[in-house]
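Heads up: the protein sequence lines correspond to chains Z and L, in order.
Each residue of the first sequence is one higher than the one before, counting from 1 in the working numbering.
Each residue of the second sequence is one higher than the one before, counting from 1 in the working numbering.
Working notes, beginning with the structure itself.
Number of protein chains: 2
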Amino acid sequence: MKLSTQPYKGARDFYPDKQAQRDYMFNTMRECVRRFGYEEYDAPLIEPIEIYQAKSGSEIVSEQTYSFIDRGGREVAIRPEMTPTVSRMVAAQRQQLAYPLRWFSIPNLWRYERPQRGRFREHWQLNVDLFGVASINAELELMLVADSIFKAFKADHTMYAYRINHRQLLDAMFETLLNLSKEQALKMAHLIDRRAKMDHSLFLDKIDEILTPKQKEAAVAETLLTLLDIKTIDQLPPQLKDSSAAKELSDLLQACKKSGILNVTFDISLVRGFDYYSGIVFELYDNNPENNRSMLGGGRYDGLVGLFGVEPLPTVGFGLGDATMTNFLEQHHLMPEFKSDVDIYIAPLNETVETATEVANQLRIKGLNVAVDYSGRKLGDQIKAAQKKMIQFVLIIGAREAEAKSYTLKNLETSTEEQCTIEQLVAKFSPKQE
Amino acid sequence: MKLSTQPYKGARDFYPDKQAQRDYMFNTMRECVRRFGYEEYDAPLIEPIEIYQAKSGSEIVSEQTYSFIDRGGREVAIRPEMTPTVSRMVAAQRQQLAYPLRWFSIPNLWRYERPQRGRFREHWQLNVDLFGVASINAELELMLVADSIFKAFKADHTMYAYRINHRQLLDAMFETLLNLSKEQALKMAHLIDRRAKMDHSLFLDKIDEILTPKQKEAAVAETLLTLLDIKTIDQLPPQLKDSSAAKELSDLLQACKKSGILNVTFDISLVRGFDYYSGIVFELYDNNPENNRSMLGGGRYDGLVGLFGVEPLPTVGFGLGDATMTNFLEQHHLMPEFKSDVDIYIAPLNETVETATEVANQLRIKGLNVAVDYSGRKLGDQIKAAQKKMIQFVLIIGAREAEAKSYTLKNLETSTEEQCTIEQLVAKFSPKQE
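Below is the structure:
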């Protein structure tokens, strides 16, 4: 039987060049969030299914989780998102932890979806969460954190923009203005969340499916469409404009401006798929029309930690996926080129393999990254291997060089050669900081 | 319903202090393997079950995998080990890749086992593989790589030792000396692999279960026990001693000595659980009697890449688990203490929150890690939070400090205070290299 060499459908193999891109992205993210005092955590890949059933949203749990029964009869899922897990961990040490608590993680997540551009069944996501701050200082900080990441990637404000909304504003719209029931409101929120992905006529049909005949008569759909067209907080009808939710949004918009985040707009149709959001929600979009989608989403979810039987905790968090981030960096020509981090590739000739190993070890002790070609092929083939690996320097060790303890260093970019002792090599490849 | 705060059975939550230990271990490993020219790769968590059925060994597949049917009807498993995956990836680009190929990864792996000390259902494992070298230079290099990792952890040769064996020596022992069938040989190998975990009398019973009545009469069990007592290659009976396998083992032992690895012994009872090994196998043990177990195992598996329908490739690899490594470092007092990497914790008083955010952002631009306490609590409580987070410096910003643009820096270790401007703070917390 011949086994397939393909990775699992919708998941990606990361060959070293792709892994180097991911390292660059994740290390940049780590550096940025640590600037704000965030600490990294991690957790098991598998959780009991209940923690998603509680609040993640029905589509995710019933249609998209990788769930199964383990050998001990437990119903479990490979995590589709990290928020329930981090809430569980905080709840487990609710009393011992010191607040404000700043945590981050870069887990892999699994969802059974149709693979498409920027969307895979397995993806990685930077998760940043701030626990214990009830004021909009929390939302502002997280937006600053995300902004600092994009700046670190050398992106500017013409390339991306924030949209913000407030769950309580949506609730007030559905319940006070449109008189929808709780259940109708939830359905309507999920529908609006998927609005961009469907035809306008289908969207109208779906609205009608949710409404009662009486509501249809009362032109609820028309009122909703008018509301969805609102572009600023000032345009909101008085019942919404005077709410504490609208006040929080205004305050946050102002605080953003003061902190230099000018690319923020209010978007009343912004929902976010998760049922656990309880306050301000935000998303960050790529402005490039080729890739015009949400790259980062988050918001306030004050109720989730409390579901684990402890005192509730005000919380704001966001997630930033690796696939959309990669698309963004490539689209805007911000992804750096991959270079080998091997300093020297040693090509031993004939009987000098033992010397090659010795020389390599002496250079490694001094902090150089050195690979030895043990293939026994002729020199030309060894040099070709180094070129394919994008290594710039080859150290040739023949019998003559081994005896003289001075080796031929060939620069593959300039095609020049020089003789070097170990000391000269160490001096040339300036010692790394460690 | 109250949700449980416990992690999935046999898996671990990594709170920031534990995550910092893991970072230390993984970053040290990465640095060491890169010194030898290895490049990092990664792959999907899920694979089709066939790639394990082919060669991993029956116990792993039938009793220990986390396998399930996905929503598309595919039979899949969460990877119990990385070797089949890396072989698949190399096979997929068999012609394009340049050999010798040096790859590493630190994946999480899942096995359904009874959790016990140093053994979890989820663990991480450094996987280091060298493709394309048929000579024992490959085995020697991998043993040098592992040795360099232990040295980097400040361990010395009194703390751990290598044991080596050769699959073909085992095969010759089973087939030539003991006249076992292929099937009996496989069973016997698995039994010897589990020998240390069972009573001697049970071990003898299990041998008898494998043997035919005729073999029992021929005292095959007694011959086996005598063979298992052999401690050096010189003591082997002539049929084994003159084999190419014994020659390779002798050569490797000699090469190890020349390269400074003196803590290696030949161990004829060393099997390694995987069916894919084809040549030399090796393990690295903790010498501490409290933790006397294998920490690292590997060997040659020349046939695995070829199972994916491409030309076979000589390959040697090893795996090093995080749980046994953690035990080793703790047992030998080699695990460093966790320190916060937050340079300054800002405690704003009353109306100075906005100033605090501004000051924090100015310090962050200069490369300092700064967290702000947005809780609104009184100063004493903010300082207690910093202490709990093991942060050494608190910057107090009251109305007076905000106006003077000079802030009170409190050193929590020495309980001293000084006034600092932003410039002075930047100078004090020496800029990091970037």
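Glycine is no exception: its CB is placed at the ideal position from the N, C-alpha and C atoms.
Please read all numbers here as calculations on a predicted model, not as lab measurements.
Between the CA atoms of residue j and residue i - distance to the nearest angstrom
| i | j | result |
| --- | --- | --- |
| Z/Val310 | Z/Leu296 | 29 Å |
| Z/Pro213 | Z/Leu177 | 17 Å |
| L/Thr326 | L/Tyr24 | 11 Å |
| L/Leu144 | Z/Lys366 | 16 Å |
| Z/Thr223 | L/Tyr112 | 55 Å |
| Z/Cys420 | L/Lys151 | 28 Å |
| Z/Phe429 | Z/Arg88 | 48 Å |
| L/Ser105 | L/Gln125 | 8 Å |
| L/Arg34 | Z/Asp13 | 20 Å |
| Z/Arg74 | L/Leu45 | 20 Å |
| Z/Ala221 | Z/Leu240 | 18 Å |
| Z/Arg102 | L/Ala360 | 15 Å |
| Z/Lys154 | Z/Leu334 | 7 Å |
| L/Phe282 | L/Ala323 | 19 Å |
| Z/Glu434 | L/Gln96 | With a pLDDT of 42 at Z/Glu434, under the threshold of 50, the modelled position of that residue is not reliable, and the figure given next carries that caveat. If you take the alpha carbons of Z/Glu434 and L/Gln96, they lie about 35 Å apart. |
| L/Gly319 | L/Val128 | 7 Å |
| L/Asp341 | Z/Glu39 | 8 Å |
| Z/Leu130 | L/Ser375 | 11 Å |
Contacts of residue i in chain L (Cβ-Cβ under 7 Å)
| i | result |
| --- | --- |
| Z/Asp341 | Arg34 |
| Z/Glu75 | Going along chain L, no residue has its Cβ under 7 Å from Z/Glu75, so there is no contact; the nearest lies around 11 Å. |
| Z/Ser243 | Correct list: empty, because the minimum Cβ distance to chain L is about 23 Å. |
| Z/Ala91 | Thr5 |
| Z/Ala11 | Pro44, Ile46 |
Which listed residue (the options) has its alpha carbon closest to that of residue i
| i | options | result |
| --- | --- | --- |
| Z/Phe441 | Z/Glu290, Z/Ile60, Z/Ala245 | Chain Z is shown only over 1 to 434; residue 441 of chain Z falls outside these bounds and no answer can be derived. |
| L/Lys2 | Z/Ile51, Z/Glu401, Z/Ile69 | Z/Ile51 |
| Z/Glu351 | Z/Ile383, Z/Glu403, Z/Lys182 | Z/Glu403 |
| Z/Gly37 | L/Asp373, L/Gln184, L/Thr355 | L/Asp373 |
| L/Arg163 | L/Pro237, L/Ser87, L/Tyr285 | L/Tyr285 |
| Z/Gly279 | Z/Leu368, Z/Leu249, Z/Asn288 | Z/Leu249 |
| L/His190 | L/Gly273, L/Lys154, L/Ala138 | L/Gly273 |
| L/Pro84 | L/Ala43, L/Gln64, L/Glu63 | L/Ala43 |
| L/Lys339 | L/Ser4, L/Gly10, L/Gly306, L/Gln19 | L/Gln19 |
Proximal chain Z residues relative to residue i, where beta-carbon distance stays under 9 Å
| i | result |
| --- | --- |
| L/Val353 | Ser135, Asn137 |
| L/Ile51 | Leu3, Ser4 |
| L/Glu337 | Ordered by position in chain Z, no residue passes the 9 Å Cβ test against L/Glu337, which lies about 15 Å from the chain. |
| L/Ala402 | Correct list: empty, because the minimum Cβ distance to chain Z is about 15 Å. |
| L/Thr83 | Simply none; closest approach about 13 Å. |
Range covered by the beta strand (DSSP E) that runs through residue i
| i | result |
| --- | --- |
| Z/Ile261 | Z/Ile261 -> no beta strand (DSSP E), and no H or E assigned at all. |
| Z/Gly297 | 294–300 |
| Z/Arg163 | 160–166 |
| L/Ile391 | Neither: L/Ile391 is in no beta strand (DSSP E) and is coded neither H nor E. |
| Z/Lys55 | Looking at the DSSP string, Z/Lys55 is not in any beta strand (DSSP E), and its letter there is neither H nor E. |
| L/Pro48 | 46–48 |
| L/Ala399 | L/Ala399 -> not in any beta strand (DSSP E); alpha helix (DSSP H) instead, spanning 399–404. |
| L/Leu425 | No beta strand (DSSP E) contains L/Leu425, which is instead part of the alpha helix (DSSP H) from 422–428. |
| L/Ile280 | 280–286 |
| Z/Phe104 | 101–105 |
Within chain Z, the residues that residue i reaches when beta carbons sit closer than 7 Å
| i | result |
| --- | --- |
| L/Arg102 | Ala371 |
| L/Asp42 | Phe14, Gln19 |
| L/Phe68 | Phe68 |
| L/Thr223 | Correct list: empty, because the minimum Cβ distance to chain Z is about 37 Å. |
| L/Arg71 | Tyr112 |
| L/Ala98 | Ala385, Lys388, Lys389 |
Under 7 Å from the C-beta of residue i: neighbouring residues of chain A
| i | result |
| --- | --- |
| L/Gly37 | Among the protein chains in the structure shown, which are Z and L, there is no chain A. |
Residue interval of the alpha helix (DSSP H) (run including residue i)
| i | result |
| --- | --- |
| Z/Ile365 | 353–365 |
| L/Ile207 | 200–210 |
| L/Phe150 | 137–152 |
| L/Phe328 | 322–331 |
Neighbouring residues, chain Z, relative to residue i (Cβ below 8 Å)
| i | result |
| --- | --- |
| L/Arg364 | Arg35, Phe36, Ser148 |
Listed by chain order, chain L residues near residue i by CB distance under 9 Å
| i | result |
| --- | --- |
| Z/Arg88 | Leu3, Ser4, Thr5, Gln6, Pro7, Asp13 |
Residue i: CB within 6 Å of a non-hydrogen atom of the ligand ATP
| i | result |
| --- | --- |
| Z/His332 | Although the ligand ATP was asked about, the structure shown includes no ligands whatsoever. |
Near-chain Z residues of the segment 147–168 of chain L - C-beta to any C-beta below 9 Å:
Listed in sequence order: Ser148.
Note down, in chain order, all residues in the segment 295–309 of chain Z with a beta-carbon under 8 Å from any beta-carbon belonging to chain L.
Leu307, Phe308, Gly309
Which residues, taken in chain order from the segment 105–138 of chain L, show a beta carbon closer than 7 Å to some beta carbon of chain Z?
Asn108, Tyr112, Glu122, Gly132, Val133, Ser135, Asn137, Ala138
Given a limit of 8 Å on CB to CB distance, which residues of the segment 192–219 of chain Z reach chain L?
none
Beta carbons nearer than 7 Å to chain Z: which residues of the segment 371–388 of chain L have them?
Hits within the stretch, in order: Ala371, Asp373, Tyr374, Ser375, Ala385, Lys388.
If contact means a Cβ-Cβ distance below 9 Å, which residues of the segment 237–261 of chain Z contact chain L?
Ala255, Lys258, Ser259, Gly260
Output, in sequence order along the chain, the residues in the segment 403–424 of chain L whose CB is closer than 9 Å to any CB in chain Z.
Residues passing the 9 Å Cβ filter: none.
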